[in-house]
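One structure below.
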Amino acid sequence: MIRKNPSGDLPLIAESAYVDKTAIICGKVVIGENVFVGPYAVIRADEVDDSGEMEAITIGANSNIQDGVVIHSKSGAAVTIGEFSSIAHRSIVHGPCTVGNRVFIGFNSVLFNCEVGDGCVVRHNSVVDGRDLPEDFYVPSTTRIGPNTDLSQFPPVSVSASEFSEDVARTNVDLVRGYKALQNEF
Numbered sequence: 338m339i340r341k342n343p344s345g346d347l348p349l350i351a352e353s354a355y356v357d358k359t360a361i362i363c364g365k366v367v368i369g370e371n372v373f374v375g376p377y378a379v380i381r382a383d384e385v386d387d388s389g390e391m392e393a394i395t396i397g398a399n400s401n402i403q404d405g406v407v408i409h410s411k412s413g414a415a416v417t418i419g420e421f422s423s424i425a426h427r428s429i430v431h432g433p434c435t436v437g438n439r440v441f442i443g444f445n446s447v448l449f450n451c452e453v454g455d456g457c458v459v460r461h462n463s464v465v466d467g468r469d470l471p472e473d474f475y476v477p478s479t480t481r482i483g484p485n486t487d488l489s490q491f492p493p494v495s496v497s498a499s500e501f502s503e504d505v506a507r508t509n510v511d512l513v514r515g516y517k518a519l520q521n522e523f
């Protein structure tokens, strides 16, 4: 469902993107070329700051927002997802938040008030809250990273984790083409 927010903003969705019919895209949202938005995802830009303004939620080209993902923002803050990035099933990305290019965010993970650098891998059931992650950073499954977390204790992203992330992004770009081809059959 594509709909306006109370401020009257309507999403801008690239023609080449695929948005599942069960997804909700509301308000000041920009979805780039070849983006996949899966079933029951919610991308909602509707809150304003103290002056009545809001920044956009932007999904970069060739990225994928998988089933049940929620992307929202507090008080009109920006949320940006870079290119070739994957936000896996049932994750929450709550702004203010920036996710770089070629990033993988694993199942059920939560991002809030943070910047995730290019090439990062955040594995399943992890939380990043109030702490920026440098490029090529690896967060193991079930890890909680907060404002005072010592990042030096974590290893860099392995080659296999980077390859997995790239494979997920490629697979979802292929899904966009496949689902776009089926759109006219029903």
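To convert, take the position in the sequence shown, counting from 1, and add 337; that gives my numbering.
A virtual CB, placed ideally from N, CA and C, is assigned to each residue, including glycine.
Quantities reported herein were computed from a predicted structural model and do not represent experimental measurements.
Beta-carbon proximity of residue i to residue j, cut-off 7 angstroms
| i | j | result |
| --- | --- | --- |
| phenylalanine 421 | asparagine 445 | no |
| aspartate 383 | asparagine 450 | no |
| valine 385 | isoleucine 361 | no |
| glycine 443 | valine 459 | yes |
| serine 502 | phenylalanine 441 | yes |
Cβ distance (whole Å) where residue i is taken to contact residue j below 8 angstroms
| i | j | result |
| --- | --- | --- |
| aspartate 436 | valine 453 | A small fix is needed here, since residue 436 is valine in this sequence, not aspartate. With 8 angstroms as the limit, valine 436 and valine 453 qualify as a contact, their Cβ atoms being about 5 angstroms apart. |
| glutamate 392 | glycine 413 | 6 angstroms |
| tyrosine 475 | valine 496 | About 11 angstroms separates the two Cβ atoms, so there is no contact after all. |
| glycine 397 | glycine 375 | At roughly 16 angstroms, the Cβ-Cβ gap does not stay under 8 angstroms, so glycine 397 and glycine 375 are not in contact. |
| valine 416 | serine 428 | So it is not a contact: roughly 13 angstroms between Cβ atoms. |
| valine 430 | isoleucine 408 | 5 angstroms |
| glycine 389 | serine 410 | With 8 angstroms as the limit, glycine 389 and serine 410 do not qualify as a contact, their Cβ atoms being about 15 angstroms apart. |
Residue i, enclosing beta strand (DSSP E) - first and last residue
| i | result |
| --- | --- |
| arginine 381 | 379–382 |
| phenylalanine 449 | 447–453 |
| histidine 426 | It is not in any beta strand (DSSP E) - histidine 426 carries neither H nor E in the DSSP assignment. |
| aspartate 466 | 464–466 |
| valine 407 | 407–410 |
| threonine 486 | From DSSP, threonine 486 is part of no beta strand (DSSP E); its letter is neither H nor E. |
| threonine 417 | 416–418 |
Limits of the unbroken alpha helix (DSSP H) element including residue i
| i | result |
| --- | --- |
| threonine 508 | 496–519 |
Taking three-plus beta-carbon pairs below 8 angstroms as touching, is the segment 343–353 in contact with the segment 504–511? When Cβ pairs closer than 8 angstroms are counted between the two stretches, the segment 343–353 is seen not to touch the segment 504–511, the count staying below three.
Output the residue ranges of the beta strand (DSSP E) runs that lie fully inside the segment 340–402 and measure 3 residues or longer, sorted by chain position. Runs of the beta strand (DSSP E) lying entirely within the segment 340–402, each at least 3 residues long, are 361–364, 366–368, 379–382 and 394–396 in chain order.
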